[in-house]
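Engineer: There's a structure below that I have some questions on.
Residue numbers (the working numbering), protein chains in the order written: chain A, 207 to 462; chain B, 207 to 462; chain C, 207 to 462; chain D, 207 to 462.
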C-alpha cells in the first residue's frame, strides 16, 4: 500500500508521531521511539541543551526521524516565535509545533495567539504545525495563515482520556484541507485507531506510551493500531444497522 | 512475544476468529480469511454441502485453520445438538460454536437453551464455544456445563454497532475463568482493539470484514488491531486523569 | 395528561418507584419517599420486623403507597419463593419483586432461578416483578411465566453508573409486551429521564437518592426528571441530524 | 428553593431559555413559549418587522419575558454590531446574543469575531451573551471583553445531537466565572438535565421543542427536566462506584 502523508516536503509512510516527555530516562525513550516506527518526533526546546554540554536528548532520537521542536513553555505568540527561531538557529530544522498555553490547570492551547505565531513563522519559511483546541473557524484561520497541518487535541494533554472532542474533530476533518493530526489525550491504541478510522491523517502520542508499564511494547501497539485504523479507513467501513443482520443462513432448520 | 491462547487442546497465536458469511463469493472469502491470519474460522453447517456435490465451501478455507462449525439455524438445544453431531459426523472436527436463536428481529441467542446444548455436547467430548447474550450468571452456568470458552455478543449480530454490552462483558472478563471471545457487533478495528484492551481473549469478526468495500484489506486491518489491543493489554495501560498533565516542561519560558 | 401505568390491578400516575435502603435513618427515608411522590416502594423483608417489635420500617412508608416487598438475600428460586410467602403472610400484600443473587461482587441477578420463582409465585396469585440482568429471551420467559412487569438493571446495583445496558433494554422495550421498569444503576435524574425517553414505563431509584447530600431534594429532582422524560416520550422527539440546521434565518445579512 | 440566576441586572428563577425559530406558526410558538415557563426568549432581528407592518412576532412573545435579540445572519463582528444597534434602536432592549457565523455547513460560530463584537457592544452598555464554539481561552477573552454570560454550543445548531462537546463545557464551567448557558444541539430533556447536573447555569433550547410532534408539551418537559437537573446539582449527586453496592441487606438468608 503506497499511502503517504506529505507535510512540509517530507513524505511519511508512518502516521504515528511521538514525543519525548515523561520517560524514565533517555534509554527508555530511545527504545520506545524506535519501536514506534515514528518518522516524526516532537521535542521541547527546553529539553535540548543547545550549548552542547551534558547529555543531549537529540543524541537519543534516531537519525532518520524528522525533528519537530515544539514551543512548550510559551504563553504568547511572541514567546512561541522566539522559541521557534532559537530552535532553527540551533540546527533543529525548520519544522515547528506551536504550543501556546497560559492555562495552568487544563493546559489548553490559546488558539488566537497560536494563529498569530503560525502566520509569522509560516511567512519566515517554517513548516508550522499548530497545536490547538478543536474549533473549525480557528482551524480555518490557521490554514489561511500558512499552517502545514492542524493538530487538534483529543482531550487535555497527558490525561489519557481519549478523543472527547470527537464531534469537532470530525467536522474539521470534513472541512479543513490540511492534514489533521490528533494530538493530546489519546490514551489507548484503540483510540488512535478510531481517530484514523474517522479520517484523521495522523496522531501524536506521548503520555500513553511513556506512562505504560512497558513503553517500548506499548509504542509498538500504537504503531500497529494506527496502521490498522488507517487501513480500515482506506478499506471502506461497512454500514451500521439498528437491527441484527444474520451472518449465517437462518432460513429454517436443516431437514435432511 | 510468546502469548498463546489455549482452547480445546489447540494453541493459537492469532486472536482474530473469522466467519464465512456475507461474502460476495468464495474467492473473496478465501482471500479475506487468508489476510486475516485467522486460525479459527466458523462456518454454518447449512453452508456445507455435506454430500460433497457442487462447490464446497470447505475447500476455500485454508488447511491450517481450525474449523469451528456453528449451529446457525437452530431454535432449540435439541436442534443445536443435532447439527453439532452432523457436523462431527461429516468430518468437520469436534469444535462447535453453539448458536440457538428463536428471535427473528434482533437474532439474540437463547442462553437457557444454549446452556443445555453446551452440557450435552461437552459431555460428548465436543469443544463447545457457546455464543450468548452477555450475562454473568448464564456464563457461569456455561462454564459449569463444560464450555471451552464463552462468546458474548457485543451488539446484535451483523449490526456493526460495536461493543454496546461493554459493562457486562467487562464483568464477565473479571469473573469468568474461561477465555472470553467477543462475538457479533464489532464493526471497526478500533472496537476489536478495545475489546482486547479490556482483557478479552479473542474476538470473532465476520460482517465488518465481509461488508467492507475491500474485505481482504479490512481483514488485515482487523488482524493488526487485535494484535495492537492485545499488546496494549499486556503492556499495562497508563492511568487516566481528569486534569491535564504536561508532557513537556512548562516551568517558565526559557531565559537564555 | 391522563397517562396511567397499570400493574397488577393498580393504576399509577407516578412512574418513579423508590426503595428503602441506605438512608441515614427512617426519618430521612420517610421524607425522601414523600418528596419523590412514589406510589410504589420496595422493601427487603429482612428490614421488616415481622414480629412487630421495635421500630417498624413499614410505619414510615406513606399509607397510600403500594408496597413491593423484595426477596433480597435469596440465592435460589426456592429461597425467593419462601420470602415471598412470608411477606404475604405478614400482611405486606401480594406484590413481590424477585431478587435472586448469588454473585457477591457485582450482585448480578440469576435470570434462570428468577424465571422459576416467577412461575411459581405468579401461579399462586402474586403480582410478580422480576429484577433481572437485561436479556431478551430471559425476559420473554418471565413474560410467559406470568410476570406483571420486567425490571432490567441499568448497571450493577448501587453503582450509580447509569444505564450501561442501554442496548439490550432498548431491544426489550421494543419486543416485550409487559411494562419495562429500569432498576439499579441509575445515578442521576438525567439518566432516569433518558430511560423514560427510550420508552421505559417506569424506573426504580434508591441509591442515587439515599446517597445524595440532600436525599429529599434529590427525590424531588428524580420525580420531575421521570415526568419530564415520560412527557418527552409522549410528545414525539424530533429527528437528529448530522449537520447543522439553522433555527434562525440565515439568508444573508439585513439590507435595510 | 430561592435559587436565582442573575444576568444583566435581571434575576431569573427559570433556567430554560427558548427561541422562536422553526415553529409551524406564531400560535404554536406562543403556546410553546408559555408552557416552557421561559423568562428569556431569543429572536432573530430578521424575524422582527421593525417597521411594524404585518403580523409582528414580538406580539406573540409573553410580556414578562426578557427579550434576547440575536444577530443571526451576521458573518462578521461589524455586521453583528450593526444588528445589535438596530435591535436596541427598535426598542428590543439592551440584551444581545451575538451569533457570528460564516460556515455554511455546520453553522459553527466564529469565536474571534464574536470576541470583537462582545467588546464593542459591552462597552456600549449592552448585556452581551456570546454564542460560541466551546473553547476555554476564547471564553476567557469574552469574559475579559465584558460578556454577561457565555453560551457554548453542545453540538451543531439544530442537530438535536446532544452535548457532544461535554469535555470542553465541563472545563469552562470549572474555569469561567460567568454563567455558562449551553446553547445549540440539545435534543432531549435528559440532555438538558445533564447539562444542569454538570453545573451549567442555564440552557437554551429551540429546535428540539419546535420539531417535536407536540411542541407545547415538549416545552413543558424541558422545563421540568431543567428544574430536575438544577435541583440534582444543588442536592449533591452521590458517588459512582465500579462494583455493586447493595441497597438491601444481603447478609445471608433469613433464618426464622
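Note that beta-carbon positions come from the ideal geometry of N, C-alpha and C, so glycine has one too. Computed from a predicted structure; not experimentally measured.
1. With 8 Å as the threshold, decide whether the Cβ of residue 367(C) is near any Cβ in chain D.
2. If residue 314(A) sits next to residue 337(A), beta carbons under 8 Å apart, how far is it from one beta carbon to the other, in whole angstroms?
3. Kindly confirm or deny that the region 390-408 of chain D and the region 416-436 of chain C touch, where touching means at least three C-beta pairs closer than 8 Å.
4. Work out the CA separation of residue 243(D) and residue 208(C) for me, nearest whole Å.
5. Taking the alpha-carbon positions, what's the residue 345(B) to residue 277(B) distance?
6. Could you give the first and the last residue of the continuous alpha helix (DSSP H) run that contains residue 435(A)?
7. Measure the beta-carbon distance from residue 418(B) to residue 441(A) and round it to whole angstroms, keeping in mind my assumption that it falls under 8 Å.
8. Less than 8 Å between CB atoms is the rule here; does residue 377(A) satisfy it with respect to chain D?
9. In whole angstroms, what is the alpha-carbon distance linking residue 320(B) and residue 422(D)?
10. For a contact defined as C-beta to C-beta under 9 Å, what are the partners of residue 327(C) on chain G?
11. May I have the straight-line CA-CA distance separating residue 355(A) from residue 350(B), to the nearest angstrom?
12. Residue 317(A) versus chain D: which residues are under 9 Å apart at the beta carbon?
13. In terms of DSSP beta bridges, what is residue 225(C) paired with?
14. Return the Cβ separation of residue 392(A) and residue 425(A) in integer angstroms, given the expectation that the two are a contact with Cβ distance under 8 Å.
15. Please identify, using Cβ separations under 8 Å, the residues of the region 381-413 of chain B that lie next to chain C, in order along the chain.
16. Could you check whether the Cβ of residue 278(B) sits closer than 7 Å to any heavy atom belonging to the ligand SAM?
17. Is there a Cβ of chain C sitting closer than 8 Å to that of residue 437(D), yes or no?
18. So who's on the other strand from residue 275(C), going by DSSP bridges?
19. On the criterion of 16 or more Cβ atoms from any shown chain inside 10 Å, does residue 269(B) qualify as buried, or is it exposed?
20. Sorted by chain position, which residues of the same chain lie with C-beta nearer than 6 Å to residue 377(C)'s C-beta, five sequence neighbours on each side aside?
21. If you compare alpha carbons, which of 411(B), 330(B), 361(B), 373(B) is closest to residue 226(B)?
22. Note down the Cα distance separating residue 329(B) from residue 282(B), rounded to an integer number of angstroms.
23. Can you look up residue 404(B) in the DSSP assignment and give me helix, strand or coil?
24. Rounded to the nearest angstrom, what separates residue 260(D) and residue 254(D) at their Cα positions?
25. With H, G and I counted as helix, E and B as strand and the rest as coil, what does DSSP make of residue 234(A)?
26. Which residue marks the beginning of the beta strand (DSSP E) containing residue 384(A), and which one marks its end?
27. Report the rounded CA-to-CA distance for residue 317(C) versus residue 379(C), giving the unit in angstroms.
28. Thinking just about the alpha-carbon of each residue, which of 291(D), 251(D), 434(D), 446(D) is nearest to the one in residue 390(C)?
29. Cβ of residue 361(D) less than 8 Å from any chain A Cβ?
30. Going by CA-CA distance only, name the one from 323(B), 279(B), 312(B) that's closest to residue 287(B).
31. Residues in the same chain with beta-carbon distance under 7 Å from residue 234(A), minus the five sequence neighbours each way, listed in chain order, please.
32. Could you give the residue range of the alpha helix (DSSP H) that holds residue 343(B)?
33. In or out: residue 241(B) buried (at least 16 other Cβ within 10 Å) or exposed?
34. Determine the contact status of residue 450(A) and residue 364(B), defining contact as a CB-CB distance below 8 Å.
35. With 16 other CB atoms within 10 Å as the buried threshold, where does residue 457(D) fall?
36. Which residues mark the beginning and the end of the alpha helix (DSSP H) in which residue 294(C) is found?
Structural biologist: So, from the data block:
1. Interface criterion met: the Cβ of residue 367(C) is under 8 Å from a Cβ in chain D.
2. Contact doesn't hold; Cβ gap of about 10 Å is too wide.
3. They touch, by the three-pair rule.
4. Between the alpha carbons of residue 208(C) and residue 243(D) lies a gap of roughly 22 Å.
5. Their Cα atoms are separated by approximately 18 Å.
6. Its alpha helix (DSSP H) spans residues 421-441.
7. In this structure residue 418(B) is in contact with residue 441(A), their Cβ atoms being roughly 5 Å apart against a cut-off of 8 Å.
8. At a cut-off of 8 Å between beta carbons, residue 377(A) contacts chain D.
9. When rounded, the distance between both Cα atoms is 49 Å.
10. Absent from the structure is chain G; the protein chains it does hold are A, B, C and D.
11. If you take the alpha carbons of residue 355(A) and residue 350(B), they lie about 56 Å apart.
12. The contacting residues are 317, 318, 341, 343, 344.
13. Note: residue 225(C) is bridge-paired with 248(C) in the DSSP secondary-structure output.
14. About 13 Å separates the two Cβ atoms, so there is no contact after all.
15. Of all residues in the region 381-413 of chain B, only 381 come within less than 8 Å of chain C when Cβ atoms are compared, listed by chain position.
16. Annotation note on the ligand SAM: not contained in the displayed structure, which lists no ligands.
17. Yes, contact with chain C.
18. For residue 275(C), which the question treats as bridged, DSSP gives the partners 249(C).
19. So residue 269(B) ends up on the exposed side.
20. Excluding positions up to five away in sequence, the list reads 342.
21. Minimum Cα distance to residue 226(B) is reached at 411(B).
22. Residue 329(B) and residue 282(B): Cα-Cα distance of roughly 18 Å.
23. Coil, per DSSP.
24. Unreliable positioning characterises residue 260(D) in this predicted model, as indicated by a pLDDT of 47, which lies under 50. The coordinate reading is nonetheless provided below. Taking the straight line joining both Cα atoms gives about 10 Å.
25. Of the three classes helix, strand and coil, the one that applies to residue 234(A) here is helix, per DSSP.
26. Segment: none, residue 384(A) is in no beta strand (DSSP E) and carries neither H nor E.
27. Cα-Cα distance, rounded: 18 Å.
28. With distances taken between Cα atoms, residue 390(C) lies closest to 446(D).
29. At least one C-beta of chain A is nearer than 8 Å to the C-beta of residue 361(D).
30. With distances taken between Cα atoms, residue 287(B) lies closest to 323(B).
31. Closer than 7 Å at the Cβ level, and outside the excluded window around residue 234(A), lie 421.
32. Unbroken alpha helix (DSSP H) run through residue 343(B): 342-351.
33. That one is buried.
34. With respect to residue 364(B), residue 450(A) sits close: the two C-beta atoms are nearer than 8 Å.
35. Since pLDDT at residue 457(D) reaches only 43, below the 50 mark, its modelled position is unreliable, and no value is offered.
36. Here the alpha helix (DSSP H) through residue 294(C) covers 283-295.
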